[in-house]
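Sequence lines, in order, name chains A and B.
Just so we're aligned: the first sequence equals residues 282 to 738 in this note's numbering.
Just so we're aligned: the second sequence equals residues 17 to 377 in this note's numbering.
Every residue gets a Cβ at the ideal spot worked out from N, C-alpha and C, and that includes glycine.
Quick notes on the structure that follows.
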Amino acid sequence: MAETTTAERNEAAAEIWVSGTEAPEVSEWMAASTDEGAQEMGRRETPDRAVEQRGARVVDDWVIDDAVADDERMMVNMGPQHPSTHGVLRLNLELEGEIVRRIKPVIGYLHTGMEKTAETLTFLQGPTNVTRMDYLAPLHNELCYSLAVEKLLGVDIPPRAQAIRVLMTELNRVSSHLVATATNGMDIGALSMMMYGFRERELILAFFEKTTGLRMNHNYIRPGGVAADLPDGWEDDVEEILDRIPKAMEDYEDLLKENSIWKGRTKGIGIITAEECLAYGITGPTLRAAGVDWDLRRSQPYSGIESYDFDVVTGRRGDVYDRYRVRIGEMLQSLRIVRQAAETMPRGDYKTGDRKVSPPPRRRINESMEALIHHFKIYTEGFKVPEGETYTAIESPRGELGCYLVSDGGGRPLRMHTRGPSFSNLQALPIMMADSLVADTIACIASLDPVMGDVDR
Amino acid sequence: MDWIDVLLVVARVVAVFALLMGVCTLLVWFERKVVADMQNRVGPDRAGPWGILQTVADGVKLFFKEQVTPRKVELGLYLAAPMLAAVPAFLMFMVVPFGRPFTITLGGEERLVPLQGADLNVGLLYVLAMSSVAVYAVVLAGWSSGSKYPLLGGVRATAQAISYEAAMGLSLVPVVLFTGSMRISEIVAAQSSTLTFLGWNIGFPAWNVVVLAPSFLIFTISAVAETNRAPFDLVEAEQEIVGGFHTEYSGLRFALFFLAEYINMFTMSALAVTLFFGGWSGPAWDGVLPAAVSALLPTVWFFVKVLVFLFIFVWLRATLPRLRYDQLMTLGWKRLIPSSLVWLFFIGGALAVRRFGLPWS
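Structure below.
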């Protein structure tokens, strides 16, 4: 093999990355092509960047205070290894003593390229992939993806499948909010709340395991319906959940609702106004806590959720306390929906009868040649989805979870993009955090309830 | 004072040291078990019966672990800080009496053995001094680690300790005024009788807490803050500043901080009991029970009372969220210190009236 000089290697490398331009030094093209350091917080000398990073573009409430000498400022990297950054969130903090002057979330530590992976999976395999994005609300991911596929396919979903979907996703909302409340408690120092939240979540996860076979990443809701019918005796399990969780939530209320330390730590902290929420595309409990009455379950109903009776819980001040109250209220509302869904669960098929989309029952394969062909086609090349594109959104526990799906008429999506609510919500951090204390950073992150799997995908 | 007296002093000190080590071992286990119960968990249950040897196992593990020294540390202070934390913790308990003094005949003469490391005539001042020294350990550990989170922890410790030291000192002044002594054995003795109300002996022990309840409240709050326990554990707030001052410590050095924290918790409970709840005083039924049992009963009372306080410490931790830095300062400077000053003024006035009569009479 011929010896190559460094310059030649650089040139070859540069051609891969920035073809058509002059080959720069290795370090430069590395930096340019890998975005290394591009996410870091900018210097104060560039006021434009600084203003932007303060989130002051929207509502200009920031007064530059130059009185503090530079050596009073300290840059702290909070995360990606930190006990309460909810996974691998990294924050660039500029501190003056205990006061956070600027904050910049840095993301990407959990990026696994799921959107790209989706292009290599058939539409039926898709839910396996998307379910891992927002791992606290896997069923919502699956539902969103399935709804998008079904919209392109134009299939009708039987009523029982729809009711099961509503039942399961609303239970999932409760379990997700339980984790949010639990970790919110823990991050503010109420350690028992952490255990209590996870204790009740366990009930729901046990039911999920019984129904889907797994505690999370279920791959249960699929295009065409759900993977399996509800298990025998599911009414009793749901009844127990409906019975025990509201009781347990009374305990949480005793522990936190009127606790003066809790109120002192959360009231008036991390305020974000409705105007800022709308400007940044912030959705979910954060938006509703700011007083905006917006819930996709009501404004763009899916899976027949409009036939159930529920209220949209809103807050008033948009602070950490209101977000906590909204989550508590939403859990009760979700349980209300679950009760109605369980009581009015229709009989019938749990997946569509369209054999081009949903595989035939196992015993039909032995009897019918057509069934065998359908089975074979679905599990080898997948079903074909007509050409087109769609954006379908549902209300996940964290906000608007959207799925943009493009099909070129084949068995796999041409392009799939997910609008992760955590990603948009995370933008709120710099606005919320203006001139607050380090301890409030943690409270704010916890109240946003970001799931890094949802942010980075 | 002959050599037997010297031996007795040494024996007492060693006994107190051994007591503290044993108590600390049990206390960690006790806390973990109680918190586990409150949080619907099992808690440690592997090492020994009911997991009672868990702390021993943890201690042995920490003893053999590598002690990582980061590159940026100020080595001298970094090494000194853990010892500076542990030594005052042990010293502070030396003045707390944990049982009734007894006499023993050795070398042909009767000798009085107080169940106490040393009975200083400035006992209370000594306690305050020792708790102040302990703060240096946290501050120096935070600063010398050469790391950012410990630095924040160290800064928090400085502010917190100064504020609550003042509140605690002020809450103890009424006790001194009321009993007229700083010697802790005398404070205990002053509480061993029963209470007289309007000329009636109501049979309730004359504990300081009855008269000095506000002092007791302030002392308890300050004691929790002084020992950096929840809800005042900002110094090591795991969720905010990772581990605070002990982030960069590992192995035995970390174990010393850990040890100091639990010993301080025990000492503060013991002080609360001694200053406000009559210490070891309690019915001993002399003459009814065998002499040995009567001699031991006060110690039992002492530990029972302390256990109640330790339970409260643990209970607080399992229940309350953590205060924020500025809220902690507000509580200390705007609530505790003014109210203890007002209370001190009031109790001083009342005592003066009791002794000298009303100024116009």
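Distance, Cα to Cα, A:G680 vs A:T564? 5 Å
Quick one: which chain A residues come within Cβ less than 9 Å of B:Q176? Per Cβ cutoff of 9 Å: no residues; B:Q176 is ~12 Å from chain A at best.
Among residues of its own chain, excluding the 5 on either side of A:N358, which ones have a beta-carbon nearer than 8 Å to its beta-carbon? R371, L372, N373 and L374
**Q.** Cβ neighbour criterion (16 or more within 10 Å) applied to B:F114
**A.** buried
- [ ] Starting from B:F114, follow its DSSP beta bridges and name the residues at the other end.
- [x] According to DSSP, B:F114 bridges with nothing at all.
_I'd like the span of the beta strand (DSSP E) that includes A:L486, first residue to last._
Note, A:L486: premise wrong, no beta strand (DSSP E); alpha helix (DSSP H) at L472 to T493.
Is A:T393 buried or exposed, if buried means 16 or more other CB atoms sit within 10 Å of its CB? exposed
Hey, how far is the Cα of A:E296 from the Cα of A:A399?
Residue confidence is low: A:E296 scores 49 on pLDDT, short of 50, so the model does not pin down where it sits. Its coordinate-derived value is still stated next. Answer to the nearest angstrom: the Cα atoms are 29 Å apart.
Does the distance from the CB of A:V638 to the CB of A:G505 come in under 8 Å? yes
- Message: List, in chain order, every chain A residue whose beta-carbon is nearer than 7 Å to that of B:P247.
- Response: G470 and I542
Beta-carbon separation (whole angstroms), A:L405 vs A:I659, contact threshold 8 Å: 6 Å
- Residue(s) in a DSSP beta bridge with A:H367: Paired residue(s): none; A:H367 is not in a bridge.
**Prompt:** Anyone know if the C-beta pair for B:A288 and B:F235 falls short of 8 Å?
**Reply:** yes
Discussion item. Please tell me whether B:V258 and A:H698 are closer than 8 Å, where the distance is taken between their beta carbons.
Written reply: no
message: Residues of chain A with CB closer than 7 Å to the CB of B:D393, please, in chain order.
response: No answer is possible for residue 393 of chain B: the residues shown for chain B start at 17 and end at 377.
Beta-carbon proximity of B:L312 to B:A183, cut-off 8 Å | no
By the three-class DSSP mapping on this structure, what secondary structure does B:K350 have? helix
* Can you find a C-beta in chain B that's less than 8 Å from the C-beta of A:W298? -> At A:W298, the pLDDT of 45 sits below 50, so the modelled position is not reliable; the number obtained from the coordinates is stated separately. Answer no: the Cβ-Cβ gap between A:W298 and chain B never drops below 8 Å.
Exercise for review: Say whether chain A places a C-beta atom closer than 8 Å to the C-beta of B:A173.
Suggested key: no
Requested in this report: State the start and end residues of the unbroken alpha helix (DSSP H) segment that holds B:R269.
Outcome: G267 to F292
Discussion item. Measuring only from the beta carbon, is A:P361 closer than 7 Å to any heavy atom that is part of the ligand GDP?
Written reply: This structure simply doesn't include the ligand GDP, nor any ligand for that matter.
#### Entry: Assigned exposure category for A:D737 - 16 Cβ within 10 Å defines buried
buried
- [ ] Using a Cβ cut-off of 8 Å (strictly closer), state whether B:M281 contacts chain A.
- [x] no
* To do: Determine which residues share a DSSP beta bridge with A:S688 and list them.
  => A:G669 and A:P694
- Message: Distance cutoff 8 Å, beta carbons only. Does A:R546 sit that close to anything in chain B?
- Response: yes
query = According to DSSP, is A:W343 helix, strand or coil?
reply = Caution is warranted here: a pLDDT of 48 is assigned to A:W343, below 50, making its placement in the model unreliable, and no coordinate value can be reported.
With DSSP collapsed to three states, give me the class of A:P711.
-> helix
message = Tell me which residue opens and which closes the alpha helix (DSSP H) that A:L405 is part of.
response = Per DSSP, A:L405 belongs to no alpha helix (DSSP H) and is neither H nor E.
Suppose you measure from the CA of A:P711 to the CA of A:I726; what does that come to, to the nearest Å?
11 Å
What does a CB cutoff of less than 7 Å around B:F118 pick up in its chain, not counting 5 residues either side in sequence? V129 and A311
Under the three-state reduction of DSSP, which class applies to A:V387: helix, strand or coil? strand
- request: Decide if the region 194–209 of chain B is in contact with the region 96–115 of chain B; the criterion is three or more beta carbon pairs, one per stretch, under 8 Å apart.
  value: yes
**Report entry** N- and C-terminal bounds of the alpha helix (DSSP H) containing B:L128
**Finding:** From DSSP, B:L128 is part of no alpha helix (DSSP H) but of the beta strand (DSSP E) over E125 to V129.
Exercise for review: Measure how close the beta-carbons of B:P98 and B:L272 come, nearest whole angstrom, since I'm counting them as under 8 Å.
Suggested key: 4 Å
Should B:R351 be flagged as near chain A, meaning a C-beta pair shorter than 8 Å? no
>> Short of 7 Å Cβ to Cβ, which residues in the region 55–80 of chain B face chain A?
In response: Q55, N56 and R57
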